[in-house]
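In my numbering, the protein residues as written are 1 to 108.
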């Protein structure tokens, strides 16, 4: 499931420890916006993620991926709103591997 927003998320295959890495970058449009517009766009993205879950647009494995992205975005939100994140950098999030769940499938 794809929900358009300010993020691009890539997945790096499991490390020797078995965990995945999410590589999160921000779109050029988002980076070019002023801080107030970024806050509005990020909030709209969070709302779109929530709607996808509530309306059943995401189910099963898609829902797991949407919930993971939503949780990451909720943690990023205060830092985005405050302008504390270098938007030109790639954020790397390590995700513990869950038996029976292929993270690549969740985000594609």
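Ideal placement from N, C-alpha and C gives every residue a C-beta, glycine not left out.
Any non-hydrogen atom of the ligand MG closer than 6 Å to residue i Cβ
i: residue 88; result: Only the bare structure without any ligand can be found here, which leaves the ligand MG out of the picture.
Endpoints, alpha helix (DSSP H) assigned at residue i
i: residue 90; result: Careful: residue 90 lies outside any alpha helix (DSSP H) and carries neither H nor E.
i: residue 60; result: 60-81
Residues near residue i by beta carbon distance below 7 Å, same chain, minus five either side
i: residue 83; result: 35
i: residue 94; result: 19 and 21
i: residue 6; result: 26, 27, 30, 41, 42 and 45
Cβ neighbours of residue i in the same chain (closer than 8 Å, five flanking residues each side left out)
i: residue 90; result: 23, 24 and 25
i: residue 66; result: 1, 3, 49, 52, 53 and 58
Per-residue burial, residue i [other beta carbons within 10 Å of its own, 16 or more giving buried]
i: residue 54; result: exposed
CA nearest to the CA of residue i, picked from the options
i: residue 79; options: 4, 39 and 58; result: 39
i: residue 70; options: 57, 4 and 49; result: 49
i: residue 76; options: 92, 58 and 63; result: 92
Neighbourhood of residue i by C-beta, 6 Å cutoff - its chain only, sequence neighbours within 5 removed
i: residue 13; result: none
i: residue 59; result: none
i: residue 96; result: 19
Residue i - containing beta strand (DSSP E), residue span
i: residue 21; result: 20-26
i: residue 56; result: Neither: residue 56 is in no beta strand (DSSP E) and is coded neither H nor E.
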